[in-house]
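The next block holds one structure in the form of structure tokens; read it before the comments.
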Amino acid sequence: MVRRTGPAHSRVEFAHPSEQEFARFLDYYRIRWQYEPVSFPIGWEGERVAEMFTPDFYLPEHDLYIELTTMKQSLVTPKNRKVRMLRELYPEINVRLLYRKDYQQLLAKAGYSALEVQHLRQEDVGEILISPVELETRLRALGRKISRDYREQSLVLVGVLKGITFFMADLARQIKVPFVIDYLDLQRYAGAQPQERVKIARDIDYPIEGRHVLLVEDIINTGLTIDYVLSELRARKPASLEVVTLLDRPLRRLVKVPLRYVGFQIPNDYVVGYGLDYRELYRNLPFICTLRASVYDIPTVAPDPSA
């Protein structure tokens with residue numbers, strides 16, 4: 398394999414605008430990255446290397462390679478083939494392929510790209526994944542399990558605003574051990590400036606040192622946000638720190654995070670309702686449903702061929 402040492406972020410010449418935006422996204426979450434650091438041989442003619450594959454990014458702290466497929470569809474199939482060959486030839490390599498839909502949903506959820514707020518339209522909503530009855534039934538089960546696990550103890554419930562609003566209120570009613578409720582909020586990523594990093598915009602009020610803390614999340618996607626929050630809370634020396642999330646989307650995961658309690662695992666679709674939003678809309682839906690791609694689709698900017 399061939400290793401290359403990349404220059405500083407400001408000097409990196411990205412092949413596509415989506416790569417630059419993804420690098421800024423990683424910077425925001427304080428995730429160290431290297432751009433195209435390694436080329437892997439994947440094809441030979443006799444003893445001569447005939448084909449190489451160079452993943453777009455490497456995250457050294459997580460030993461993870463990431464390849465973006467955000468350009469035109471005709472390039473997706475060759476990239477799929479190369480990633481498949483890489484996995485077969487180098488099974489010890491951890492590589493993740495981010496499709497255009499994954500990338501768009503990631504940035505859309507983070508608040509990227511300013512769009513005018515529109516009224517909720519019924520045609521924006523796709524399939525209903527989780528009904529109100531299913532939500533109620535699952536939350537009762539979660540409440541019973543949490544109450545058993547923390548019997549004869551007290552809890553501090555910390556909600557990460559603001560998608561947890563409905564989930565946290567309904568879950569709290571099902572928990573039968575003493576608890577206090579607190580909240581924190583993070584500065585949202587919205588095409589952050591180069592020096593901006595994720596940080597707590599509103600901190601919890603209640604001291605958690607020596608207390609049992611249950612962090613309440615609405616949905617776990619890449620794991621980047623929850624990984625940052627957990628590191629911040631661990632530094633305050635709680636007696637224990639666990640996570641309960643309403644939704645888990647493991648197909649999107651970039652960073653491994655410990656999840657003690659999970660309501661539902663969902664497919665790789667953008668979902669809204671029951672507190673989850675898109676551009677602050679759809680939170681009030683009593684169920685969880687998919688959002689049609691036409692609502693959040695971000696046009697891909699093709700690279701300038703003359704550049």
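To get my numbering, take the position in the sequence shown, counting from 1, and add 397.
No residue lacks a Cβ here, since even glycine has one placed at the ideal position from N, Cα and C.
Values in this document were obtained by computation on a predicted structure and should not be read as measured data.
Of all the options 548, 563, 541 and 569, which has the alpha carbon lying nearest to the alpha carbon of residue 554?
-> The sequence position of residue 554 within the sequence shown is 157, counting from 1. Nearest C-alpha to residue 554: 569.
Would DSSP call residue 570 helix, strand or coil?
-> Residue numbering aside, residue 570 sits at position 173 when the sequence shown is read from its first letter. Here residue 570 sits in helix by DSSP.
Determine the burial state of residue 441: buried for a count of at least 16 other Cβ atoms within 10 Å of its Cβ, exposed for fewer.
-> Position 44 of the sequence shown, counted from the first residue, corresponds to residue 441. Flag for residue 441 reads exposed.
Separation of residue 430 from residue 403, as counted between CA atoms | As a position in the sequence shown, residue 403 is number 6, starting the count at 1. As a position in the sequence shown, residue 430 is number 33, starting the count at 1. Note that residue 403 scores a pLDDT of 38, beneath 50, so its modelled location is shaky and nothing firm can be said.
Quick one: is residue 614 buried, meaning 16 or more other Cβ sit within 10 Å of its Cβ, or exposed?
-> By one-based count along the sequence shown, residue 614 stands at place 217. Burial call: buried.
Exposed or buried, what is residue 691 when buried is set at 16 or more other beta-carbons lying within 10 Å of its beta-carbon?
-> To locate residue 691, count along the sequence shown from 1; it is residue 294. By the 10 Å Cβ count, residue 691 comes out exposed.
Where residue 411 sits in the DSSP three-state scheme = Looking up residue 411 in the sequence shown gives position 14. Here residue 411 sits in coil by DSSP.
Touching or not, the stretch 646-662 and the stretch 469-485, by the rule of three or more beta carbon pairs under 8 Å?
-> no
Assuming residue 656 and residue 617 form a contact by the criterion Cβ under 8 Å, report the distance between their Cβ atoms to the nearest whole angstrom.
-> Your numbering for residue 656 matches position 259 in the sequence shown. Your numbering for residue 617 matches position 220 in the sequence shown. About 6 Å separates the two Cβ atoms, so the contact holds.
What separation, rounded to the nearest whole angstrom, lies between the Cα atoms of residue 435 and residue 456?
-> The residue you call residue 435 lines up with position 38 of the sequence shown. The residue you call residue 456 lines up with position 59 of the sequence shown. Straight-line Cα distance between these residues: approximately 12 Å.
Can you tell me where the beta strand (DSSP E) with residue 490 in it begins and where it stops?
-> The sequence position of residue 490 within the sequence shown is 93, counting from 1. That residue, residue 490, is in no beta strand (DSSP E); it is neither H nor E in DSSP.
Can you give me the Cβ contacts of residue 705 inside the same chain, cut-off strictly under 6 Å, excluding the 5 residues immediately before and after it?
-> Outside the displayed range of the chain (398 to 704) lies residue 705, so it cannot be described from this structure.
Backbone secondary structure at residue 687 - three-state DSSP | On the sequence shown, residue 687 is found 290 positions in, with the first residue counted as 1. Here residue 687 sits in strand by DSSP.
How about residue 660 and residue 640: are their beta carbons less than 9 Å apart?
-> To locate residue 660, count along the sequence shown from 1; it is residue 263. To locate residue 640, count along the sequence shown from 1; it is residue 243. Result no, Cβ atoms of residue 660 and residue 640 do not sit closer than 9 Å.
N- and C-terminal bounds of the beta strand (DSSP E) containing residue 595 = Along the sequence shown, one-based indexing puts residue 595 at 198. First-last for residue 595: undefined, no H or E at that position.
C-alpha distance - residue 531 paired with residue 498, whole-angstrom precision | What you label residue 531 is simply residue 134 of the sequence shown in a count that begins at 1. What you label residue 498 is simply residue 101 of the sequence shown in a count that begins at 1. C-alpha separation (whole angstroms): 27 Å.
Note down the Cα distance separating residue 411 from residue 454, rounded to an integer number of angstroms.
-> Position 14 of the sequence shown, counted from the first residue, corresponds to residue 411. Position 57 of the sequence shown, counted from the first residue, corresponds to residue 454. Looking at the two C-alpha atoms, the distance is approximately 11 Å.
The beta strand (DSSP E) with residue 555 in it runs from where to where?
-> Start at 1 with the first residue of the sequence shown, and residue 555 comes out as number 158. Looking at the DSSP string, the run of the beta strand (DSSP E) that includes residue 555 is 552-557.
Other residues of its chain near residue 630: CB distance less than 8 Å, five sequence neighbours each side excluded | Sequence index remark: in the sequence shown, residue 630 carries index 233 (1-based). Here the set comprises 555, 605, 610, 612 and 638.
contact_flag[the stretch 618-627, the stretch 531-540] where n(CB pairs < 8 Å) is 3 or more = no
Chain-order list of residues whose beta-carbon lies under 7 Å from that of residue 597 (same chain, five-residue window excluded) = Against the sequence shown, residue 597 aligns to sequence position 200. The residues are 581, 583 and 629.
If you draw a straight line from the C-alpha of residue 559 to the C-alpha of residue 674, how long is it?
-> Indexing the sequence shown from 1 puts residue 559 at position 162. Indexing the sequence shown from 1 puts residue 674 at position 277. Cα to Cα, residue 559 sits roughly 9 Å from residue 674.
Name the DSSP bridge partner or partners of residue 642?
-> By 1-based counting over the sequence shown, the position of residue 642 is 245. According to DSSP, residue 642 bridges with 614 and 659.
Count the other CB atoms within 10 Å of the CB of residue 452; is the residue buried (16 or more) or exposed (fewer)?
-> Within the sequence shown, numbered from 1, the residue matching residue 452 stands at position 55. Answer is buried; the Cβ neighbour count reaches 16.
Which residues in the same chain have their Cβ closer than 7 Å to the Cβ of residue 465, if we skip the five residues on either side of it in sequence?
-> Reading the sequence shown from its first residue, position 68 is the one you call residue 465. 415, 416, 419, 453, 495 and 500, listed in sequence order.
Nearest candidate by alpha-carbon position, reference residue 433, set 450, 444, 426 and 443 = The sequence position of residue 433 within the sequence shown is 36, counting from 1. Comparing Cα positions, the closest option is 450.
Taking the alpha helix (DSSP H) that residue 628 falls in, what are its first and last residues?
-> Locating residue 628 in the sequence shown gives position 231, counting from the first residue. Counting along the chain, the alpha helix (DSSP H) containing residue 628 begins and ends at 621-631.
In the DSSP assignment, find the beta strand (DSSP E) that holds residue 438 and state where it starts and stops.
-> What you label residue 438 is simply residue 41 of the sequence shown in a count that begins at 1. Start and end: 435-442.
Excluding sequence positions up to five away, which residues of its chain have a Cβ less than 7 Å from the Cβ of residue 446?
-> Translated into the one-based positions of the sequence shown, residue 446 becomes position 49. Excluding residues within five positions, the ones whose Cβ falls inside 7 Å are 438.
DSSP on residue 416, reduced to helix/strand/coil?
-> For this step, residue 416 is matched to residue 19 along the sequence shown. Reduced to three states, the DSSP call for residue 416 is helix.
Report all residues from its chain with a CB closer than 7 Å to the CB of residue 511; omit the five preceding and five following residues, and keep chain order.
-> For the purposes of this step, residue 511 is taken as residue 114 along the sequence shown, with counting starting at 1. Here residue 511 scores only 33 on pLDDT, less than 50, and its place in the model should not be relied on; the value that follows carries that caveat. Closer than 7 Å at the Cβ level, and outside the excluded window around residue 511, lies no residue.
Beta strand (DSSP E) containing residue 445: first to last residue?
-> Working through the sequence shown from its first residue, we reach residue 445 at position 48. Looking at the DSSP string, the run of the beta strand (DSSP E) that includes residue 445 is 445-450.
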